[in-house]
Amino acid sequence: MFQICGFFPLPLQNTYLIRSKSFTSQSIENVLDDEQINLIGDFSKAFLFPTVSGRHQELKYITPDVMTLILKGTYDPFIERYVLIDCRYPYEYEGGHIKGAINLHMEQEAEEYLLKNPILTYGSKRVVLIFHCEFSSERGPRMCKFIREKDRDRNEYPHLHYPELYILQGGYKEFFQTHKAFCTPQSYRPMNHEDFREDLRKFRIKRRTWAGERSKRDMYSRLKKL
Numbered sequence: 015m016f017q018i019c020g021f022f023p024l025p026l027q028n029t030y031l032i033r034s035k036s037f038t039s040q041s042i043e044n045v046l047d048d049e050q051i052n053l054i055g056d057f058s059k060a061f062l063f064p065t066v067s068g069r070h071q072e073l074k075y076i077t078p079d080v081m082t083l084i085l086k087g088t089y090d091p092f093i094e095r096y097v098l099i100d101c102r103y104p105y106e107y108e109g110g111h112i113k114g115a116i117n118l119h120m121e122q123e124a125e126e127y128l129l130k131n132p133i134l135t136y137g138s139k140r141v142v143l144i145f146h147c148e149f150s151s152e153r154g155p156r157m158c159k160f161i162r163e164k165d166r167d168r169n170e171y172p173h174l175h176y177p178e179l180y181i182l183q184g185g186y187k188e189f190f191q192t193h194k195a196f197c198t199p200q201s202y203r204p205m206n207h208e209d210f211r212e213d214l215r216k217f218r219i220k221r222r223t224w225a226g227e228r229s230k231r232d233m234y235s236r237l238k239k240l
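At position 111 of the sequence shown (counting the first as 1) the number is 125 in the numbering used here, and the numbers step up by one without a gap.
Laid out in C-alpha cells, this is it:
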C-alpha cells in the first residue's frame, strides 16, 4: 500500500468494477498534475526561484525583486550559470538594459547561441534562462517557448539542456522603474520611440520573413515524417 499526499487508492478489485475512473484514482492523478506544474521541465526538481502568475499561465514568472537578488549573487551557491536574455530590438537594448543581459531578438540567433553548444552543468548546480522584452508580454514569452520547443526536439523526453526557464515579470520597463541602478546605461528607450520608427519597421519585416520561412520548414519536416 502506498500514500500520495494523503490519498489512499482503493483495493484493485473495487477500483476496476467502476467503468469510469474511481474518485481515488482521479484524485491521485490530479495531485500529481499539480505537483508537476511546480517542477522544472525535465521533472527532476522544483523551481529554484519563487514565482508569480503572469499573462502566459504555462510559463514561470519572477519579479524584479527576485531578479535583483540573482544579480547580487544571492543564488550563486545553487547556480552554475544564469543567462538573462533581452528579446527587445537592438536599438531598445542599446538605449538601456539590465547589467549582464545579452540581446537575442531573433529566434535563430537564440537557437544558435543556446543550443549549438549547450551550457553544461556540474553536480547539482543549475543553468537557468531568464527571458524578457519591454513588457514581457509577447517577445520574451515567445522566445522562451521557442527555445523549449527546440530543446525538446534535440533531446529524448523528458531530458532537456535547459529545463529551468523564467520570464521577468513586467519586462525591462517595470524593472527600470524600480531598479535603475542595475541598468546600463540608466535609461529606457521604448520600442515605439519616434526616432527609431524605421528601425522598428525593418526588424518587423525581418522577423515576419523568418517566421514565414520557418513555417515552411516545419511543414516540410512534418511531411517527411508521414
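Note that CB positions come from ideal geometry on N, CA and C, so glycine has one too.
Taking just the CA atoms, how far does residue j sit from residue i?
i           : j           : result
residue 112 : residue 168 : 30 Å
residue 166 : residue 72  : 16 Å
residue 53  : residue 105 : 36 Å
residue 99  : residue 154 : 8 Å
residue 56  : residue 172 : 5 Å
residue 45  : residue 51  : Confidence at residue 45 is low in this model, with a pLDDT of 44, below 50, so its placement is unreliable and no value can be given for it.
residue 139 : residue 95  : 8 Å
residue 188 : residue 107 : 15 Å
residue 184 : residue 79  : 11 Å
residue 204 : residue 103 : 10 Å
residue 136 : residue 65  : 25 Å
residue 70  : residue 163 : 16 Å
residue 220 : residue 119 : 11 Å
residue 182 : residue 147 : 8 Å
residue 125 : residue 149 : 22 Å
residue 31  : residue 174 : Note that residue 31 has pLDDT 34, beneath the 50 cutoff, so the model's placement of it is unreliable and the number below is only indicative. About 40 Å.
residue 143 : residue 212 : 31 Å
residue 101 : residue 86  : 22 Å
residue 74  : residue 89  : 17 Å
residue 151 : residue 58  : 28 Å
residue 129 : residue 61  : 21 Å
residue 131 : residue 67  : 32 Å
residue 39  : residue 141 : Any reading at residue 39 is ruled out, since the residue's pLDDT is 43, under 50, leaving its predicted position unreliable.
residue 225 : residue 193 : 34 Å
residue 206 : residue 134 : 38 Å
Check whether the Cβ atoms of residue i and residue j lie closer than 9 Å to each other.
i           : j           : result
residue 84  : residue 97  : no
residue 114 : residue 199 : no
residue 82  : residue 160 : no
residue 92  : residue 76  : no
residue 157 : residue 208 : no
residue 190 : residue 202 : yes
Who pairs with residue i in a beta bridge, going by DSSP?
i           : result
residue 117 : 100
residue 75  : 66 and 181
residue 93  : 140
residue 197 : 112
residue 146 : 100
residue 60  : 53
Between the region 209-216 and the region 173-189, do at least 3 Cβ pairs fall closer than 8 Å? no
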